[in-house]
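One structure below.
Residue numbers (our numbering): 387 to 750.
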């Protein structure tokens with residue numbers, strides 16, 4: 387069965403790439419031939435007034451001490467959507483993809499060759515992150531195609547769609563053969579706003595084991611005892627909390643996933659750094675996911691701007707909600723975890739999630 391995967395663009399995003407990698411591996415294991423239809427990013431264009439307003443909004447955030455690397459929105463757009471060589475190497479080596487420019491609804495000759503489509507995972511159903519969001523509701527797919535949402539995420543527990551977009555999404559989602567979401571709040575959002583029943587499944591990355599990921603890291607090296615720190619939104623409060631904790635416990639600090647001028651840390655090195663850390667501190671969903679997969683002590687900081695619902699849902703699934711704290715409460719986090727119980731829950735959820743995917747695709 388030839389399956390097209392629709393997700394966010396494959397860019398410098400460790401979690402975004404690894405969820406796509408994992409989903410492809412799983413689809414192959416159940417007999418599918420997957421290809422990610424990678425919609426290339428269209429460079430941002432802003433009018434003069436919009437540019438000025440965006441510039442001063444960013445300046446105001448920086449003055450408040452919030453993480454704001456770029457004042458120029460066009461420069462930030464180029465930075466985010468320019469793929470680092472090390473990241474590109476991983477994509478080219480492990481992910482089957484087809485780069486597409488523009489709207490998928492304008493590519494019938496391409497999409498007609500697939501038996502079905504899987505949308506997900508990551509925040510594919512969040513309008514803020516998905517300019518072509520109707521493509522992510524498979525508006526381009528014919529009535530004869532299998533349509534599945536696997537671990538689709540709204541990223542938040544609030545409904546962010548306009549009335550018009552809600553109506554269009556509602557019509558499209560009723561054509562799906564199966565709908566699953568990544569957060570428990572997504573089940574409610576689907577029911578209340580789209581009128582469909584969804585089930586709550588694991589993020590694709592959690593369908594693979596730690597050994598599956600360590601096979602990618604055979605040439606990686608990490609030394610010493612350290613705290614692995616992975617922040618999507620770095621600020622002085624978070625850094626201060628980590629530095630105080632590291633000094634108290636005599637640990638080095640290793641910042642991972644940060645992008646220097648010329649390249650990123652490789653995905654393999656990023657994974658290995660988490661797997662060998664004495665402790666992980668993050669504000670990232672997938673930073674938390676891989677801490678759990680590798681059974682590492684970890685602390686997750688709330689991240690309001692990117693959405694706390696996904697963090698709360700993930701950690702509550704495994705009775706780890708006490709690991710989610712503010713920087714001021716870092717010492718209150720419960721890093722003494724019974725990993726045997728966590729791993730048992732992962733196995734249960736993994737079986738259910740795999741059954742959903744296989745049964746929906748094959749009509750069982």
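Yeah, the Cβ is synthetic: ideal placement off N, Cα and C, and Gly gets one too.
With contacts defined by Cβ atoms closer than 8 Å, residue 473 and residue 411 do not form a contacting pair. If you check the CB distance, residue 637 and residue 653 do not come in under 8 Å.
If you draw a straight line from the Cα of residue 477 to the Cα of residue 568, it is about 23 Å long. Contact holds between the segment 703 to 717 and the segment 615 to 633, because three or more Cβ pairs, one in each stretch, are under 8 Å apart. Residue nearest to residue 589 within the set 708, 510 and 597 is 510 (criterion: CA-CA distance).
The three-state reading of DSSP puts residue 422 in strand, counting E and B together. Counting only residues of its own chain and dropping the five nearest sequence neighbours on each side, residue 680 has a CB closer than 7 Å to the CB of 596, 660 and 661. In this structure residue 658 is in contact with residue 606, their Cβ atoms being roughly 4 Å apart against a cut-off of 8 Å. Between the segment 387 to 406 and the segment 539 to 549, the count of Cβ pairs shorter than 8 Å is below three; the stretches do not touch.
Under DSSP, the beta-bridge partners assigned to residue 668 are 616 and 686.
Judged by beta-carbon spacing, residue 535 lies beyond the 8 Å limit of residue 499, meaning their Cβ atoms are not closer than that value. By alpha-carbon distance to residue 533, the top candidate from 522, 686, 673 and 409 is 522.
The C-alpha of residue 635 is placed about 48 Å away from the C-alpha of residue 390. By DSSP's assignment, residue 484 forms a beta bridge with 423. Straight across, the Cα-Cα distance linking residue 610 with residue 718 is about 25 Å. Here residue 684 is not near residue 720, since their CB atoms are 8 Å or more apart. Annotated three-state conformation of residue 563 is coil, per DSSP. Annotated three-state conformation of residue 502 is strand, per DSSP.
Remark: C-beta atoms of residue 483 and residue 422 approach each other more closely than 8 Å. It is roughly 45 Å from the alpha-carbon of residue 702 to the alpha-carbon of residue 434.
Relative to the Cα of residue 696, the nearest Cα in the group 739, 676 and 670 belongs to 670.
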